[in-house]
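Visitor: Residue numbering for the sequence shown follows my numbering, starting at 86 and increasing by one per position. Every residue, glycine too, gets a C-beta built ideally from N, C-alpha and C. Just so we're clear, the structure is a prediction, and the values are computed from it rather than from any experiment. There's a structure below that I have some questions on.
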Amino acid sequence: MTDELSLYDFTLPRDSIATEPARPRDAARLLHVIPPALTGTEQARLTLHRIHNLPDLLKEGDLLIANNTEVIPAKMEARRGEARIGITLDRILPEGQWHALARNARKLRPHDTLHFENDPVTATILTNEGDGAITLRFSVEGDAFDRFLERRAALALPPYIARPHGPTEADTHDYRTIFSRFRGAVAAPTAGLHFTNDVLKALTAKGIAQETLTLHVGAGTFLPVRSSIAEHKMHAEWGHITPETAQRINETRARGGRIVAVGTTSLRLLESAADEHGLIHPWQGETSIFIKPGYRFRAVDALLTNFHLPRSTLFMLVCAFAGTDTMRHAYHYAITEGLRFYSYGDACLLERTP
């Protein structure tokens, strides 16, 4: 395994960054990437399709696993005295506390009270971890907290989606997947944004089953690797795999079917829940798994994912999955062909390097 961050860097033209999704969603382009080890050639096989062609690229008996987390409004402005504090919720902690990323966090001390303009809800700082990370407790919970978020918070869209006046009404729909069920994510599991009812019906008709798990994606997903790969620490995210889902995955593998992860979030939780023999166990708790080249995959055979940021842990993950040379070649091809990158962009279907 290499620790050279430059291996995971590339130049992306600004006009390659998608700021709106494809319409309809399943019209997004799909790059199918088959590594050299599976083609018997010296170079990966790359073919362009559309998302609605996905059933043709999978096999009868495959099992598709998507993330059913639902994004909450997580970005808000608060005040501590005269100081403005920008807060982006990251993840809920035991006993109703929240981990968050804060702008001007150096001003915050334990027991400080944050106020929100013209709102009775307050928040108390519990800890300041440094580097902009804090924990806090709001004065309301449950349904009252949900109503507070609807009043005071906005979607925490990735910084590369330019919204000078904040998220639009269209973003409220566009940034939500068809699988959304359980509230708690700060960022959308963006590979799931491509799916429509028509695609799901076509998958079912071909004998490709679907299951879901839950991984509440945190704000840390946007953070690049700033120092070295060895020193980078992943933010923890809460996930859940039910016993029924675990059993269905294991039965699929036992029959010779493939597990196809929809998104890196689904893949990370599946790999967290897999034992050394590749069996998936029910899971409930946090994972901070960092998958990079050198990792031995145990649970996932194919991955549907968007195109990721340079120098990011997500690009390292896809390099681990399909090979660094293969993914650098695939990304160069994608840029040359005008494919759209990041959350609202196009997708690729990766076959795992043996």
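1. Buried or exposed for T398, going by 16 or more other Cβ atoms inside 10 Å?
2. Look up M319 in the DSSP assignment and say whether it is helix, strand or coil.
3. Hey, out of P274, L221, L300, whose CA is closest to P243's CA?
4. Between I150 and L388, which are expected to be in contact by the criterion C-beta below 8 Å, what is the C-beta distance as a whole number of angstroms?
5. Is L352 helix, strand or coil by DSSP?
6. With DSSP as the reference, please indicate the residues paired to G267 in a beta bridge.
7. For H134, which three-state DSSP category applies?
8. Restricting to runs no shorter than 3 residues, where is the beta strand (DSSP E) found entirely within the stretch 165-200?
9. Note down, one range per segment and in chain order, each alpha helix (DSSP H) of at least 4 residues found wholly within the stretch 395-437.
10. Would you list the residues sitting across from R222 in a DSSP beta bridge?
11. Considering Cα atoms alone, identify which of L300, H258, I157, R114 is closest to W368.
12. Just reading off the alpha helix (DSSP H) that P235 is part of, what are its end residues?
13. Report the CB separation of I177 from L234 in whole angstroms; it is logged as a contact under 8 Å.
14. Beta carbon of L116, beta carbon of L131: below 8 Å?
15. What are the boundary residues of the alpha helix (DSSP H) that V284 is part of?
16. For E145, which beta-bridge partners are listed by DSSP?
Guide: To lay it out plainly:
1. Taking the sequence shown and counting its residues from 1, the one referred to as residue 398 is at position 313. Under this definition T398 is a buried residue.
2. As a first step, residue 319 must be located in the sequence shown, where it is residue number 234. Note: M319 maps to coil in three-state DSSP.
3. As a working note, residue 243 is residue 158 in the sequence shown. Closest by alpha carbon: P274.
4. In the sequence shown, residue 150 corresponds to position 65, counting from 1. In the sequence shown, residue 388 corresponds to position 303, counting from 1. Incorrect: roughly 10 Å between the Cβ atoms, too far for contact.
5. The residue labelled residue 352 in the question sits at position 267 within the sequence shown. Look at L352 here: in three-state DSSP terms it is helix.
6. What you label residue 267 is simply residue 182 of the sequence shown in a count that begins at 1. Per the sequence shown, the amino acid found at residue 267 is Phe instead of Gly. Bridge partners of F267 according to DSSP: T154.
7. Within the sequence shown, the letter at position 49 stands for residue 134. For H134, the three-state secondary structure derived from DSSP is strand.
8. Listed in chain order, they are 168-177, 183-188, 198-200.
9. You should have 398-407, 409-421.
10. What you label residue 222 is simply residue 137 of the sequence shown in a count that begins at 1. Beta-bridge pairing links R222 to T209.
11. Here residue 368 refers to the residue found at position 283 when the sequence shown is read from its first residue. Out of L300, H258, I157, R114, L300 has the C-alpha closest to the C-alpha of W368.
12. Against the sequence shown, residue 235 aligns to sequence position 150. The sequence given here has Glu at residue 235, not Pro. Where E235 is concerned, the enclosing alpha helix (DSSP H) stretches over 227-237.
13. By one-based count along the sequence shown, residue 177 stands at place 92. By one-based count along the sequence shown, residue 234 stands at place 149. Your pair I177 and L234 does not check out as a contact, with CB atoms roughly 12 Å apart and the cut at 8 Å.
14. Position 31 of the sequence shown, counted from the first residue, corresponds to residue 116. Position 46 of the sequence shown, counted from the first residue, corresponds to residue 131. Contact: yes.
15. Walking along the sequence shown from the start, residue 284 turns up at place 199. Where V284 is concerned, the enclosing alpha helix (DSSP H) stretches over 282-290.
16. Counted from its first residue, the sequence shown places residue 145 at position 60. None; E145 has no bridge partner.
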